[in-house]
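Just so you know, my numbering puts the end of the sequence shown at 409, numbered straight through with nothing missing. Contents: one structure, followed by commentary.
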Amino acid sequence: MAAGSCLPEDMIRETLLRLPVQSLLRFQVVCKRWLALITSSDFILTHCKHRPKHSIMLTNTWFGENYGISVLEADAKGKPEHRNLPSSLMNNVVKCRGIGSSNGLLCVYVKNTHNVDYFLWNLATRKHRLLLFPPTLGHYTPRTFGFGFVPETSDYKLLIIDDASFDGHLNLKALVYTLSTDSWKEVEGVTASRSYLSPKISVVVQGMWYDLIFREEENIVQGTLREPRKVPSILKFNMVNDVFSKIEDGLPYDNACGRNLNLMEYKELLALGVYRDEETTFELEIWTSMKNEYCWTKLFVCRPLPKIMTMIPLGFRNDKEIILSDYSTELFYDILQLYDPSTQESSVVSTYEDFIYFDAHNYVESLVSVDAWSSNCMQMFS
Numbered sequence: 028m029a030a031g032s033c034l035p036e037d038m039i040r041e042t043l044l045r046l047p048v049q050s051l052l053r054f055q056v057v058c059k060r061w062l063a064l065i066t067s068s069d070f071i072l073t074h075c076k077h078r079p080k081h082s083i084m085l086t087n088t089w090f091g092e093n094y095g096i097s098v099l100e101a102d103a104k105g106k107p108e109h110r111n112l113p114s115s116l117m118n119n120v121v122k123c124r125g126i127g128s129s130n131g132l133l134c135v136y137v138k139n140t141h142n143v144d145y146f147l148w149n150l151a152t153r154k155h156r157l158l159l160f161p162p163t164l165g166h167y168t169p170r171t172f173g174f175g176f177v178p179e180t181s182d183y184k185l186l187i188i189d190d191a192s193f194d195g196h197l198n199l200k201a202l203v204y205t206l207s208t209d210s211w212k213e214v215e216g217v218t219a220s221r222s223y224l225s226p227k228i229s230v231v232v233q234g235m236w237y238d239l240i241f242r243e244e245e246n247i248v249q250g251t252l253r254e255p256r257k258v259p260s261i262l263k264f265n266m267v268n269d270v271f272s273k274i275e276d277g278l279p280y281d282n283a284c285g286r287n288l289n290l291m292e293y294k295e296l297l298a299l300g301v302y303r304d305e306e307t308t309f310e311l312e313i314w315t316s317m318k319n320e321y322c323w324t325k326l327f328v329c330r331p332l333p334k335i336m337t338m339i340p341l342g343f344r345n346d347k348e349i350i351l352s353d354y355s356t357e358l359f360y361d362i363l364q365l366y367d368p369s370t371q372e373s374s375v376v377s378t379y380e381d382f383i384y385f386d387a388h389n390y391v392e393s394l395v396s397v398d399a400w401s402s403n404c405m406q407m408f409s
């Protein structure tokens, strides 16, 4: 009797949807019917939506033997689990950084002593694929990145931004990789007056890439000229039509914020973490733009917090706990914390002496392929 032949088709499907990827990979060899079901685009999409989200710490280390990422499970109480880069990419690595995560695909930037590589990586299936950079496009020194799924086109895109400063301006040029066509193209950038990009990584939310830029303005307090104010705005890139724009009004910013701001994703919405440093107030505010990028709503305030200038909100775990990176000036390395706004309590997840920084991205285990998809497969993720 064929495997599962005594069970209704719907029951088999619903049972398989609740299994982890590693089990599904084994069950593909049970019979042709199961293979066809598990590898179908509809099943892969539905399975991805059923899986619990994790938080991924994509890390850069001091020592090459540990280059890779660390995974913090959704309900984990201990330290993140470290996973090395694929062995074929470990030669002469000097820098590794996560660009983004979407539907189980990670996009990672790796620099070695000779060149720069970008690759897609599915941790669950253990498959990876280099995104070969065309030499005809010349030399790009990446200043910031973006990777994500674009719902309108049911496609994945990678954005690489290079910059060159001249006469107090920031001239941006950009490249875009599209997974469905396995191709790169140059797109027209923007020029921002007396501005510079945020040092933290950008965020992609529902096919829109966002990054903070800052411009300097005169800062006169009680008739005295102080250090110039760093006034933020948001640089935006629409991954549907590959067009840049800026959001300059309405940000929840004042003198107490300084540059302690960071963009994040919260429940598929753009969010902003604002760390206020005043003489009597040291607190972290989390704002979201909801559906209107020019109207921000305060979600909650994290307090009390220590007076630490380098505390940066990285993202959320389970859309509940805030992931905080805090550089210790006494210990000289980052401390990773989780803060629960409902209880106003924080806990140290890990301290890493050999990490230069943390980047946090939502991750969900999936069967999504790292290979270029046909348009028919893409439509299933619309």
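Heads up, the beta-carbon is just placed ideally off N, CA and C, and yes, glycines get one too.
Query: Ends of the beta strand (DSSP E) at Met235?; Result: 235-244
Query: My understanding is that Leu199 touches Val217, with C-beta atoms under 8 angstroms, so please give their C-beta distance in whole angstroms.; Result: 5 angstroms
Query: So the alpha helix (DSSP H) Ser68 belongs to, where does it begin and stop?; Result: 68-77
Query: Measure the C-alpha to C-alpha separation of Pro255 and Ser181 and round it to an integer number of angstroms.; Result: 44 angstroms
Query: Can you tell me whether Phe172 is helix, strand or coil according to DSSP?; Result: strand
Query: Classify Ala201 as helix, strand or coil using the three-state DSSP reduction.; Result: strand
Query: Could you check where the alpha helix (DSSP H) with Leu52 kicks off and where it finishes?; Result: 48-54
Query: Touching or not, the segment 259-275 and the segment 233-243, by the rule of three or more beta carbon pairs under 8 angstroms?; Result: yes
Query: Under the rule that 16 or more other beta-carbon atoms within 10 Å means buried, what is Pro79, buried or exposed?; Result: exposed
Query: Name the DSSP bridge partner or partners of Thr315?; Result: Ala298, Thr324
Query: Round the Cβ separation of Asn118 and Asn139 to the nearest angstrom and send it over; I've been treating them as touching at under 8 angstroms.; Result: 6 angstroms
Query: Need the endpoints of the alpha helix (DSSP H) that Met38 sits in, please.; Result: 36-44
Query: Less than 9 angstroms between the C-beta atoms of Leu365 and Leu290, yes or no?; Result: no
Query: Can you list, in chain order, the residues of its chain whose CB lies under 6 angstroms from that of Ile65, leaving out five sequence neighbours each side?; Result: Leu51, Gln55
Query: Find the nearest neighbour of Ile48 within the set Glu392, Asn130, Val98, Asp398, judged by alpha-carbon distance.; Result: The sequence as given places Val at residue 48; Ile does not occur at that position. That would be Glu392, whose Cα lies nearest to the Cα of Val48.
Query: Applying the criterion that 16 or more other CB atoms from any shown protein chain within 10 Å of the CB defines a buried residue, is Met84 buried or exposed?; Result: buried
Query: From the DSSP output, in three-state form, read off Lys273 for me.; Result: strand
Query: Helix, strand or coil for Arg124 per DSSP?; Result: strand
Query: Are the CB atoms of Ser82 and Ile350 nearer to each other than 9 angstroms?; Result: yes
Query: Rounded to the nearest angstrom, what separates Ile126 and Leu34 at their Cα positions?; Result: 43 angstroms
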